[in-house]
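Here's the structure, in structure tokens; my notes come after.
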Amino acid sequence: MNTNFSRLSGGDKVIMAFAYTILGLFMAAIILPVVYIILASFIDPVTLQNSGLTFDFSKWTLTAYERVMSNAQIWTGFKNAMIYSVLFTIISVMVTLLAAYPMSRPDFKGKGFFNVMFVITMFFGGGLIPTYLLISNLGMLDTIWAILIPGAFSVWNMIIARTYYMGIPHDMQEAAEIDGASEMVYFFKILLPLCMPIIATIAMWQFVGMWNSYFDAMIYLNDAAKQPLQLVLRAILIQSQPEPGMVSDMQSTAARAQLAELLKYATIIISSVPLMILYPFFQKYFDSGIMAGAVKG
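Counting along the sequence shown from 1, when you hit position 128 you're at 113 in this note's numbering, and nothing is skipped either side.
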């Protein structure tokens, strides 16, 4: 890399140095808050409020994690969020892949019409109130289907999957047809195994999107036993209302406020653990799959 940099002209070196500086600032803007939250979640709330971050381990505590881990609503929300995210990812990936396949076929009649219809939905929607009325009339209010079904199909993901399909040589399908493979056999046994990068990419996007989502659950779910972790986290972060029992034994108002602040950091870390565990398993597919749209338009 240093050899390549030394071969650049003076103007190119300035541009590269500027680009790396901007990139470094972006990385710092992302990494530093994460590091602060991780460290702050372990520090005694009084020390954190008075002195800020410290590496004096005698001032560190696991109180926030103990209270978060012992709270039943946190675990209920965690379980619900995991169930919603896994089921939503499976449904969304299957619907997207099945919709993208005919759109990638040059012999599919009506392809132009469906393309226009799909693109229109990317720019225009019914709005919150009509959508709520539709969910209500379908009898899906306060059910898991109100979370899973409405956003299961993504036109953007369909376009990316269609583009990936189009990059696979058509000769493979012709060879499969000669060998007697039906359309379904070709799709499930030949095409899909070749599409693991784009499948992993779409699955990662959908899982993360559902895991971080709280708005639909806030609108459509009334039963606290069905609410995902994000609504619990929202109450702690935005409304500054930790779950009952997490700070109820604190007598001092100041102490309660300090512990509530500490609980915010611990809850953020715990809610981020599944994503940090998930990403390394998808990384080898993610890098290639995310560039699928640049291969063929």
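Yeah, the Cβ is synthetic: ideal placement off N, Cα and C, and Gly gets one too.
Note that the structure is predicted; figures quoted are calculated from it, not measured.
Query: Determine the burial state of Phe173: buried for a count of at least 16 other Cβ atoms within 10 Å of its Cβ, exposed for fewer.; Result: exposed
Query: In whole angstroms, what separates the C-alpha of Met218 from that of Val193?; Result: With the sequence shown as reference, residue 218 is identified as Leu, and Met is not the correct amino acid for it. The straight-line gap from Cα to Cα measures roughly 16 angstroms.
Query: Within its chain, find whatever has a CB closer than 7 angstroms to the CB of Ala251; leave out the 5 residues flanking it on each side and keep chain order.; Result: Ser26, Ala49, Tyr50 and Val53
Query: If you run the structure through DSSP and keep just helix, strand and coil, what is Ile28?; Result: strand
Query: Which value, in whole angstroms, describes the spacing of the CA atoms of Lys(-2) and Phe11?; Result: 20 angstroms
Query: I believe Thr74 touches Ala210 by the beta-carbon criterion, under 8 angstroms. Please report the beta-carbon distance rounded to the nearest angstrom.; Result: Actually they do not touch by this definition, with Cβ atoms about 22 angstroms apart.
Query: Considering only residues of the segment 137 to 197, which uninterrupted alpha helix (DSSP H) runs meet the minimum length of 4 residues and lie entirely inside it, listed in chain order?; Result: 140 to 151, 156 to 163 and 181 to 197
Query: How do the segment 69 to 88 and the segment 188 to 206 stand: do at least 3 beta-carbon pairs fall below 8 angstroms, yes or no?; Result: yes
Query: Taking 8 angstroms as the threshold (C-beta atoms), are Tyr199 and Gln215 in contact?; Result: yes
Query: Count the C-beta pairs between the segment 120 to 129 and the segment 147 to 154 that are closer than 8 angstroms, then say yes if the count reaches three, no if not.; Result: no
Query: Please report the distance separating the alpha-carbon of Ser256 from that of Asp92.; Result: 46 angstroms
Query: From the DSSP output, read off the bridge partner residues of Trp60.; Result: Bridge partners of Trp60: none, in fact.
Query: What does DSSP give as the partner residues of Trp45 in its beta bridges?; Result: Ile28
Query: Can you list, in chain order, the residues of its chain whose CB lies under 6 angstroms from that of Ile175, leaving out five sequence neighbours each side?; Result: Ala161
Query: Taking the continuous alpha helix (DSSP H) assigned at Tyr205, which residues delimit it?; Result: Phe200 to Tyr205
Query: Considering only the beta carbon of each residue, do Phe138 and Thr81 sit closer than 8 angstroms?; Result: yes
Query: To the nearest angstrom, how far is the alpha carbon of Met203 from that of Ala220?; Result: 11 angstroms
Query: Using CA coordinates, which residue listed in Arg147, Ser55 and Ile120 is at the minimum distance from Arg90?; Result: Arg147
Query: Report all residues from its chain with a CB closer than 8 angstroms to the CB of Ile120; omit the five preceding and five following residues, and keep chain order.; Result: Leu126, Ala131, Pro135 and Tyr205
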